[in-house]
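Everything on this sheet refers to the single structure shown next.
Number of protein chains: 2
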Amino acid sequence: MPFGTAEYQKRIRKTKERMAAQGIEVLLITNPSNMNYLSGYDGWSFYVHQMLIVIDDEDQPLWVGRMLDANGAKITTWLYHENIIPYPDIYVQSETLHPMDFIADILKQIGQDKQSIGVEMESYYFSAKCFEQLKKGLPDARFKDASDLVNWIRIVKSDQEIEFMKIAGKFADQAVMSGINLIDENVRECDVAAKILHSQVSGTEEHGGDYPAIMPLLPSGKKTSTPHLTWTDDRYKSGDSIILELAGCYRRYHAPLARTVNLGRPEKFLKELADITVEGLNECLAIIKPGVVLEEVAQTWSESIAKSGFSKESRIGYSVGVGYPPDWGEHTASIRKGDRTVLQPNMTFHLIPGMWSEGSGFAVSESFRVTEDGCETFSSLPRGLFVKEGSGLE
Amino acid sequence: MPFGTAEYQKRIRKTKERMAAQGIEVLLITNPSNMNYLSGYDGWSFYVHQMLIVIDDEDQPLWVGRMLDANGAKITTWLYHENIIPYPDIYVQSETLHPMDFIADILKQIGQDKQSIGVEMESYYFSAKCFEQLKKGLPDARFKDASDLVNWIRIVKSDQEIEFMKIAGKFADQAVMSGINLIDENVRECDVAAKILHSQVSGTEEHGGDYPAIMPLLPSGKKTSTPHLTWTDDRYKSGDSIILELAGCYRRYHAPLARTVNLGRPEKFLKELADITVEGLNECLAIIKPGVVLEEVAQTWSESIAKSGFSKESRIGYSVGVGYPPDWGEHTASIRKGDRTVLQPNMTFHLIPGMWSEGSGFAVSESFRVTEDGCETFSSLPRGLFVKEGSGLE
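These protein sequence lines are chains A and B, in that order.
So the first sequence is numbered by this note's numbering: it starts at 3 and just counts up by one.
So the second sequence is numbered by this note's numbering: it starts at 3 and just counts up by one.
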C-alpha cells in the first residue's frame, strides 16, 4: 500500500465527519479514485461494478466486487479479509442480474437497508441502472446525493501525497521532453505517443511510473483548434505546431503538464499568442497563496489576456490528484468565474489556460501546490513555445 | 474517418430498425464506443458529458458535447457542421448546472420532448444524475432502456472491421513478445509495461497503434491469483510466473491476447495447469462455427477441464471490437452457461479461459472471428507456457 494504515483511518474519520454533517449513515462509493483513497484498492476492475461501503458505526469499510477481483482487494487494501465480499461472476454484464441487487441484499443482511444512504450520483461508474436497481432493492432507504463528498476531502494533500505528486511532476517533465525531442518532420504521431508512454511508465531509476488517467493528448496542425484529440499515424510536416498535454503518474497521483512545440519558425500570430498566454499564466501563478479565492485567479487571467484583445470562455484549471480513467481531475474546485473555493496550503491544481483557437492553438500549463505564502510548481520546464529548427531544439 | 460515409449510414439504418422494433423514436447515445461506431467521433472527451442523438425521421444524428470538443467533432465525424451542437463550458463539472439540462432544452426546441426516448441506462458515462436531470427536464417523455441497442449491432463485423482487427492482432502479438523478451530476473514490472505500451502504440511500419481501452495487465508471482492488477516498480524474481493480458488496438478496434511466462523451470502444478488450460482452449476453438450456441462453447470448456478435476465459475469470453476505457468488451454476448447467442460469420470474441488460482495462475487467450465453417484467430503465437531459462526463451 502507498500509505500506512493510520493515514487511511484518518481519511475514513474525515469521511464519517462529512457523512454526519450531511445526515448520511451509509455511504456507497463507486468512484475508483475515492475507493483507492480510502482503501488503497488498485486494479483495472472498474469496468465491472464494485463498491466501497462506509458505515457510520463500523471501523472498516466493506469492499464489494467481482469474485475474480477479491484477491486483488486482499493484496492492495488495508481491510480485514472478512470485509472483502465477492459477488458471483454471473452478475457480470448480465441482462437479467445486476451487481446492485447483490449489494442491496448485503445491506439488508447487515441491517443497513432502512438508513440514509449516500450515493455518488455523478460518478462515472454509478450508472443510471445502478441507481434504479438500488432503489428497487432498498425500498425503505432514503437516498442522498453524495457525489463529491470524498472528493472534497481529497482536495488538501498530506505531505506524503505532495511527495508523490513531485515524483509525478518529474515524470511529466521527462515525458514532455521525450516527446519534443522526437517530434520532427516525417515522424509519425503514434511514434511520439509511444515514446511518451514509455517515459511516463518507466519513470526514473528510483521510482516506476503508473498509467495516467488520460492518454497523451497530441493535437497537431489544424487539430490544435481542439484539445482532446489523441494521435493518428500521420507524419508531422514542417510548420506544424503540436500541443502536448499529459501527466506523470506515481501511485495514482497525477501531475499534468502541457507544452507546445513548433516545427520551424512559428508564424507571427502563434508567437504572440504564446507570449500572451505565458504572461497570463505567470500573472496567475504570482497571485496564488492561501486565502485567495479561485475566481480571483480566473479574473487575473481574463484581465491579462484582455489587454491583448483576447478572451476565453472555458475554465482554466481544476484540482488534481488521485485519478483513474477517464479523468485525473478531482471534480471539485475549478478555476473559473463563480468558484468561491478559498486556497489553502497543500491544495493542488492543474492550471491550464489553453488557447485552442481555429488555425493556431497554443497551450501551456503548470501543476502546483499552494504553499504557506505562494505556490510551488511540480515542473521545471520553460513555459514558452518550443521551436525546433533543422533537427535541433531552440 | 476510418470508414466511408456509406458504412456509417448503413449503421444508422440498422440502428433505426432496432429503434422501430423497440418502439423508440429518439435514441440518446452516451457510450463512446457507440458514438464512435455511428459517427466516427474520436477524442478523449468522454470524461465530460457528450451525446449522439439519433432521431427516427432525421437523416443524420446530432452530436452534443463540450464547446472545446466541437472542433474535434468537426474533424473526426461525417456529420454536417450544423448537426454539431456545443454546450457552454459553464456546464462542465458544475454543482449547479448539468449538461443534461442543456440537452433537454435542445430536445424541446426541436420538438422531440414528448417522444419515446431510449437511454443507455447501463453505459459507463450515463450517470444516475444524468437520468435524473433528463427526467426533470423532459417530464412528457417516455424513457426506455436501450443500453445495448447499438452494441448488438456491433457484434457482427464488416470485412473492413475484420481487417482492422487483424492489424490489431499483429500489434498484440508483437506487444506480448516485447514483454516476454524483456521479462527477466531483476527487471522492473514498470519497465516491461513501458516496453509493451511502446510496442502497442508505435504499431508496425505500415500502421500506427491506438491506445488500448485497458492498460496492460501484468500480475506476477502471488498476484497471479487475480487478473486485473496492472504493475508496480517491483523487480521480478527467479521462479516468478507472469501473466500478460493486453490488446492491440487499431483505430479503436481491439484484439486482446493473454500469455503466461515463467522465469526458470516451472513447478509441476503450473505446468499441468498450463497443459489443461491450453487443451481446453483448443477444444473450444475446434467446435466454433456458425450455428453453434455460445453456452455450448462454455460447456466444452467445463467438460474438458473437469477431466482433470478442475472447474471455473467465471465466464470464459465475450464479444470484442470497438472500445474506449474502461473496457474493450462489447457488453453483449458472453461465453458462459445460459448465453444462447448463436454464432454467425464475422462475429468476434475474446476467448480467455484464465485460471487465476491461489499460488499459481495461468492464462492464455485467443481473439478470433467466426468464419463460414470454423474460426480464425488474430494471433499466431504458441499457446503454451513460455519458459525463460537463463536469459533465453525456450
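Virtual Cβ for every residue (Gly too), placed ideally from N, Cα, C.
Where B:Trp-65 is concerned, the enclosing beta strand (DSSP E) starts and stops at 64 to 68.
Relative to the Cα of B:Ile-216, the nearest Cα in the group B:Glu-191, B:Ala-174, B:Gly-25, B:Asp-147 belongs to B:Ala-174. DSSP places B:Arg-254 in no alpha helix (DSSP H); its state is neither H nor E. No Cβ of chain A is located within less than 8 Å of the beta carbon of B:Trp-303. As far as DSSP is concerned, A:Tyr-10 takes part in no beta bridge.
Beta bridge pairing from DSSP links B:Ser-336 with B:Tyr-320. In the three-state DSSP reduction, B:Asp-61 falls in the coil class, being neither helix nor strand.
Annotation: Cβ neighbours of A:Ile-216 in chain B (cutoff 7 Å, chain order): Trp-46.
Look at A:Phe-388 here: in three-state DSSP terms it is strand. Membership of B:Gly-361 in any alpha helix (DSSP H) is not indicated, and neither H nor E is assigned to it by DSSP. Excluding its 5 nearest sequence neighbours in each direction, B:Thr-79 has C-beta neighbours in its own chain below 6 Å: Ser-41, Gly-42, Tyr-43, listed in chain order. In the assembly as shown, A:Thr-7 is an exposed residue. Its beta-carbon has fewer than 16 other beta-carbons within 10 Å. Contacts between A:Gln-95 and chain B, judged by CB atoms closer than 8 Å, involve Tyr-320, Gly-331, His-333, Ser-336 in chain order. Here the alpha carbon of B:Gly-293 sits roughly 15 Å from the alpha carbon of B:Thr-302.
Proximity of the region 148 to 160 of chain A to the region 319 to 332 of chain A meets the contact definition, three or more beta-carbon pairs being nearer than 8 Å. Residues of chain B with a Cβ closer than 9 Å to the Cβ of A:Phe-128 are, in chain order, Ser-129, Ala-130, Lys-131. In this structure, A:Met-69 lies near B:Glu-315, with their beta-carbon atoms less than 8 Å apart. The alpha helix (DSSP H) runs of length 4 or more contained entirely in the region 232 to 308 of chain A are, from start to end of the chain, 270 to 289, 296 to 308. Taking C-beta separations shorter than 7 Å and ignoring five residues to either side along the sequence, the partners of A:Gly-241 in its chain run Leu-265, Gly-266, following chain order.
Under a 10 Å Cβ-count criterion, B:Val-263 is classified as buried, with 16 or more other Cβ atoms of the shown protein chains found around its own Cβ.
Shown here, B:His-352 sits in a strand according to DSSP, grouped into three states. Within the DSSP bridge table, the entry for A:Val-56 names A:Leu-29 as partners. Per DSSP, B:Thr-78 is one residue of the alpha helix (DSSP H) stretching across 72 to 78. One alpha carbon belongs to A:Asn-183, the other to B:Pro-328, and they sit about 31 Å apart. Residues of the region 71 to 84 of chain A with a Cβ closer than 7 Å to any Cβ of chain B, in chain order: Asp-71, Asn-73, Gly-74, Ile-77. B:Val-372: not part of any alpha helix (DSSP H); member of the beta strand (DSSP E) spanning 368 to 372, first to last residue.
8 Å or more divides the Cβ of A:Gln-62 from the Cβ of A:Tyr-89. For A:Trp-330, the three-state secondary structure derived from DSSP is strand.
In the DSSP assignment, B:Phe-104 falls within the unbroken alpha helix (DSSP H) covering 101 to 111. Here A:Arg-15 carries a helix assignment [DSSP, helix/strand/coil]. Shown here, B:Glu-378 sits in a strand according to DSSP, grouped into three states. Interface flag for A:Gly-205 against chain B is set, since a Cβ pair is found closer than 8 Å. Among the bridge pairs identified by DSSP, B:Tyr-89 is matched with B:Arg-68.
In terms of CA proximity to A:Lys-390, A:Tyr-238 leads the group A:Gln-117, A:Glu-60, A:Tyr-238, A:Lys-110. Excluding its 5 nearest sequence neighbours in each direction, A:Ser-35 has C-beta neighbours in its own chain below 6 Å: Val-324, Gly-325, Tyr-326, listed in chain order.
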